[in-house]
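A.B. asks: Can you read through this structure? Questions will come right after.
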Amino acid sequence: MIRFENASVTYPGGVHALKNLTLEIPDGQMMVIVGLSGAGKSTLIRAINGLVPLTGGDLTIDGVSVPGAKPKQLREIRSRIGMIFQTFNLVNRTTVLNNVLMGRLHDAGTMRSLLAWYKPADIEIAMRALERVGIVEKAYVRASNLSGGQQQRVGIARALAQEPKIILADEPVASLDPPTSHVVMRDLQRINRELNMTTIINLHFLDLAKVYGERIIGMRAGELVYDGTGDKADENVFRDIYGRSLTADDLMGEAAAAG
Amino acid sequence: MTAATAPRVARPKRPSRSFVGLLAFLVFAVITWWAASEEYGLNFDIPELLTNLTRGADILAEFWPPDFSVVSRTIAPLLETVQIAVIASLIGCSLALPIAFLASRVTAPNLVAYILDRSILSVVRALPDVLYAIIFVAALSIGPLPGILALILFNIAVVAKLLSETVDGVDQGPIEAARATGANRLLTVRWAVLPQVLPNYVAYSLYAFELNIRASAVLGIVGAGGIGNLINEFRRFFQYDALMVVVIEILVLVIIVEWISIWLRRRLV
């Protein structure tokens, strides 16, 4: 279980990205965070794996404090949390397999990993992660030669290769077209259900949030303004979260009919 | 109405012209005048340069025809020059890799290591390679070893400087991704940064090797091994026709090395 207790983040510039957030996320939940850009969604996600340190309050994962962790402990916490990014964050100049093997670095031994001398077991885990997202045939292709949707699946495979308990996804479909977005969202949903990984996703398309969010939380100016199930989140709720009336830009459109 | 007019808003005022460019040019012109002037500088005079150009013609004529009988004497020192360049490039460029990562804020583990590494690099870069060669020859005696050491320092200075600037500009996304997986700093650099800068590193190293071939010809003049020793000997005994052979050989060697490095770069990058 992930637990925020009065968690705050104030950036050096004085921006309060997270204000006294108290929140519990039980194991295995698929939770979607919605809110305008600048509302603190990315900060919330990055606080969980310590990429953004809290400036106040506490955050625990299964009872272990993230802000209180020493560097080595923090790396261990991170190794159990997979992360997926809006811009994929792949190393374009190397192969898909090398990118996925990045997910094994925490456990593969520094000397071996430096020399790219991976254990067969680690390669097997990486290959299985690629199979799970359906692009194992691209294992030895350079990452830059893949389409956006394929690159994001490599990003998901990299996270899966960590064999994590938690998956964080920061706007995973914001760089993709609508049909590809649904493919990637369904991959995430399938992984959440089959592997029972707690999955936390930032989205700004409200219709996507409603379709895939088992639970939706709304953020505005660093504060939690909504917390409820996907089906209860209607237009009024979103209007409240966004602090304005909704427009076509807030919807991805082209409904989940794609599959 | 077909063409809708955009609402009129006040247009921004044009900022006043900056005279920084003109000022910089004037300062540059004054400094050049100072350096070349009769009273304060070198008394550099282009017409005089042109009239004096013919004075060297007699000496230049002695360079031709080249005396190819010395070719057999040049082979061994020429090979030594190549060997010095190969060894110095291999060692210098290998050492430059970790030094470059310490010299970039993107990859340095902490501020102390970064500042220390940059300071050492500045010191190494401050002296020219010939000066290093003179120092090492004095300390170690004549031979290829001081030449190799001087060029190792030169390669570290050149490659680490260029590579650290390349590292400064890498895509930080993969670094964040690697940190998020729980990878330690060394492995983050190895797998998120190195693949991004590898083609540049290869290119810089090949460039350093080319410079080494050229430089080791000069280093021999101060006793640091290679073809330079022979250049010095021919020069002192006014054997300009023999010197011409060495000039041609170096020219050919440098062109061959350049071809090889272009070919390698195309294959590796």
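The listed protein sequences derive, respectively, from chains X and F.
Residue numbers for the first sequence, in our numbering: 36 to 294.
Residue numbers for the second sequence, in our numbering: 5 to 273.
A virtual CB, placed ideally from N, CA and C, is assigned to each residue, including glycine.
Listed from N- to C-terminal order along the chain, which residues in the region 170-197 of chain F have their beta-carbon within a distance smaller than 7 Å of any beta-carbon of chain X?
C.D. replies: Taking 7 Å as the Cβ-Cβ cut-off against chain X, the residues of the region 170-197 of chain F that qualify are 177, 178, 180, 181, 182, 183, 184, 185, 186, 187, 188, 190, 191, 194, 195 and 196.
A.B. asks: From residue 264 of chain F to residue 133 of chain F, what does the alpha carbon distance come to, in whole angstroms?
C.D. replies: Roughly 24 Å separates the two Cα atoms.
A.B. asks: CA-CA distance, residue 135 of chain F and residue 220 of chain F?
C.D. replies: The straight-line gap from Cα to Cα measures roughly 13 Å.
A.B. asks: Let me know if residue 160 of chain X comes out buried or exposed under the rule of 16 or more other beta-carbons within 10 Å of its beta-carbon.
C.D. replies: Buried, since its Cβ has 16 or more Cβ neighbours within 10 Å.
A.B. asks: Checking contacts by CB at 8 Å: is residue 180 of chain X closer than that to chain F?
C.D. replies: Chain F, which has no Cβ nearer than 8 Å to the Cβ of residue 180 of chain X, makes this no.
A.B. asks: Assuming contact is defined by CB atoms lying nearer than 8 Å, are residue 187 of chain X and residue 219 of chain X in contact in what I supplied?
C.D. replies: Contact: yes.
A.B. asks: Give the range of the beta strand (DSSP E) segment to which residue 51 of chain X is assigned.
C.D. replies: Residue 51 of chain X -> beta strand (DSSP E) spans 51-60.
A.B. asks: Considering only DSSP beta bridges, list what residue 100 of chain X is partnered with.
C.D. replies: Note: residue 100 of chain X sits in a beta bridge opposite X:95.
A.B. asks: For the alpha helix (DSSP H) holding residue 277 of chain X, just list the boundary residues, first then last.
C.D. replies: Here the alpha helix (DSSP H) through residue 277 of chain X covers 270-277.
A.B. asks: Out of curiosity, what's the CA-to-CA distance linking residue 230 of chain X and residue 181 of chain X?
C.D. replies: If I take the Cα positions, the gap works out to 26 Å.
A.B. asks: Using a Cβ-Cβ cut-off of less than 7 Å, give me the residues of the region 222-240 of chain X that come near chain F, in sequence order.
C.D. replies: Here the close residues number zero.
A.B. asks: List the DSSP bridge partners of residue 117 of chain X.
C.D. replies: X:202.
A.B. asks: Please name the residue, chosen from F:235, F:177 and F:233, that lies closest to residue 27 of chain X on a Cα-to-Cα basis.
C.D. replies: As displayed, chain X neither begins before 36 nor continues past 294, which places residue 27 of chain X out of reach and without an answer.
A.B. asks: Quick check on residue 197 of chain X - is its C-beta less than 8 Å from some C-beta in chain F?
C.D. replies: Output row for residue 197 of chain X: interface = yes.
A.B. asks: Name the chain X residues that come within less than 7 Å of residue 199 of chain F, Cβ to Cβ?
C.D. replies: Ordered by position in chain X, the residues that pass the 7 Å Cβ test against residue 199 of chain F are 126, 128 and 129.
A.B. asks: Do you know offhand how far residue 167 of chain X's Cα is from residue 225 of chain X's?
C.D. replies: Those two C-alpha atoms are separated by around 10 Å.
A.B. asks: Going by DSSP in three states, residue 109 of chain X sits in which element: helix, strand or coil?
C.D. replies: Residue 109 of chain X: helix per DSSP, three-state reduction.
A.B. asks: State the DSSP-derived secondary structure class of residue 43 of chain X, mapped to helix, strand or coil.
C.D. replies: Residue state, collapsed to three classes: strand.
A.B. asks: What is the residue span of the beta strand (DSSP E) that residue 254 of chain X lies within?
C.D. replies: 250-255 is the extent of the beta strand (DSSP E) around residue 254 of chain X.
A.B. asks: Is DSSP giving residue 69 of chain X helix, strand or coil here?
C.D. replies: Strand at residue 69 of chain X.
A.B. asks: Taking 8 Å as the threshold, find out whether the region 60-68 of chain X comes into contact with the region 233-244 of chain X through three or more Cβ pairs.
C.D. replies: Segments in contact, yes.
A.B. asks: Starting from residue 172 of chain F, follow the alpha helix (DSSP H) in both directions and report where the run begins and ends.
C.D. replies: Per DSSP, residue 172 of chain F belongs to the alpha helix (DSSP H) from 148-172.
A.B. asks: Quick one: using the 10 Å Cβ neighbour count with 16 as the cut-off for buried, is residue 266 of chain F buried or exposed?
C.D. replies: So residue 266 of chain F counts as exposed.
A.B. asks: So, is residue 273 of chain X buried or exposed, given that buried needs 16 or more other C-beta atoms within 10 angstroms?
C.D. replies: Residue 273 of chain X should be labelled buried.
A.B. asks: My assumption, with CB atoms under 8 Å, is that residue 262 of chain X sits in contact with residue 80 of chain X. Please give the rounded CB distance.
C.D. replies: Residue 262 of chain X to residue 80 of chain X, Cβ: 16 Å. No contact.
A.B. asks: Are the region 249-257 of chain F and the region 71-88 of chain F touching by the rule of at least three beta carbon pairs closer than 8 Å?
C.D. replies: Judged by Cβ distances under 8 Å, the region 249-257 of chain F makes contact with the region 71-88 of chain F, as three or more pairs qualify.
A.B. asks: So, do the region 149-163 of chain X and the region 196-215 of chain F have three or more beta carbon pairs nearer to each other than 8 Å?
C.D. replies: No, the region 149-163 of chain X is not in contact with the region 196-215 of chain F.
A.B. asks: What residue ranges within the region 12-41 of chain F form continuous alpha helix (DSSP H) runs of no fewer than 4 residues, ordered along the chain?
C.D. replies: Those alpha helix (DSSP H) runs which fall completely within the region 12-41 of chain F and span 4+ residues are 24-40.
A.B. asks: Can you name, in chain order, every residue of its own chain whose Cβ lies under 8 Å from the Cβ of residue 143 of chain F, other than the five neighbours on each side?
C.D. replies: These residues qualify, in order along the chain: 150.
A.B. asks: Tell me the rounded alpha-carbon separation between residue 36 of chain X and residue 208 of chain F.
C.D. replies: If you take the alpha carbons of residue 36 of chain X and residue 208 of chain F, they lie about 50 Å apart.
A.B. asks: Closer than 8 Å by beta-carbon distance: list the chain F residues that pair up with residue 113 of chain X, in chain order.
C.D. replies: Residues of chain F passing the Cβ test: 183, 184, 185 and 186.
A.B. asks: Tell me the DSSP secondary structure of residue 75 of chain F in three-state form.
C.D. replies: In this structure, residue 75 of chain F counts as helix in the three-state DSSP scheme.
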